[in-house]
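Chemist:
Residue numbers (my numbering): 4 to 282.
1. I'd like to know whether the C-beta atoms of residue 39 and residue 180 end up nearer to each other than 8 Å.
2. Report the start-end ranges of each alpha helix (DSSP H) in the region 211 to 272 that is 4 residues or longer and not cut off at the edges.
3. On the CB-based measure, 16 or more other CB atoms within 10 Å of its CB, does residue 58 come out buried or exposed?
4. Residue 178 bridges to which residues according to DSSP?
5. Can you look up residue 198 in the DSSP assignment and give me helix, strand or coil?
6. Looking at the secondary structure, which residues open and close the alpha helix (DSSP H) in which residue 129 lies?
7. Flag this pair as yes or no: are the beta carbons of residue 219 and residue 200 separated by less than 8 Å?
8. Of the residues 109, 273, 267, which one's Cα is nearest the Cα of residue 124?
9. Confirm, please, whether the CB-CB distance from residue 77 to residue 157 is below 8 Å.
10. Count the other CB atoms, across all protein chains shown, that sit within 10 Å of the CB of residue 56; report buried if there are 16 or more and exposed otherwise.
11. Output the boundary residues of the alpha helix (DSSP H) element that contains residue 90.
12. Can residue 134 and residue 95 be called in contact, C-beta distance under 8 Å?
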């Protein structure tokens, strides 16, 4: 079976399951977001885990296993804090993570303090978007914004990714960012963006409380930042010379490969909704 066929089958099965988790209940979707955050953070850690051995304090604490356990635990707690709207706790957890990472580097024989920035980036890059995604599916958010934007953003990102992929295969001639992702083309990117806007127009019929202009603006933001997220994750993999973050999902690679677009689209959409509600 070709990689494209596997990709399509996984999409046909996976997308309805994801949407089902969102409409089933807040807690079910929270579990979904937490599990995804765990897998993505684990893959990110494995991409950038330093190769040298540890000594001193970190060895006494269990070395990398302890480092990784704390790293993943704080990341999951951040997702939960967003869901329960404990935003001040999120800042506290960011600070705890920062102090922990500094201490890890202090007690290493070979110190790489620039790694602190990498690990902090991963928390902002992965845990925060999944926390916001779980928040978008809460009852209060549904009542405030009169639409389930968790479902909206996931469907729009899926449309963007799918039509960008097939648009590139059918019409792709001009490379979009060859040094970052050789297979991506301008034709695929534009196709994905156009169909995301069409998707936004379709949503205006499901959620008539908002105008079609609102939904087009949502689609533009999601379509743009979904593709930026895809390119960013490709550049991360390029920097460590790997093709996929893992082989967890057939036809797609790892969880980070599959949900890279979500990680940029969700915060961008949340900011848009926040601005629209306050201005």
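For each residue, glycine too, the CB sits at the ideal point set by N, CA and C.
Modeler: Quick answer:
1. no
2. 215 to 242, 258 to 261
3. Residue placement at residue 58 is flagged as unreliable, the pLDDT there being 44, under the threshold of 50; the coordinate-derived value follows with that caveat. By the neighbour-count rule (16 or more Cβ atoms within 10 Å), residue 58 is not buried but exposed.
4. Answer by DSSP bridge pairing, in chain order: 188.
5. helix
6. Run containing residue 129: none; DSSP gives neither H nor E here.
7. It is a contact, given that the beta carbons lie within the stated cut-off.
8. 267
9. The Cβ atoms of residue 157 and residue 77 do not sit closer than 8 Å to each other.
10. Note that residue 56 scores 44 on pLDDT, short of 50, meaning its location in the model is unreliable and no value can be drawn from it.
11. 90 to 109
12. Residue 134 is not a Cβ neighbour of residue 95, given a cutoff of 8 Å.
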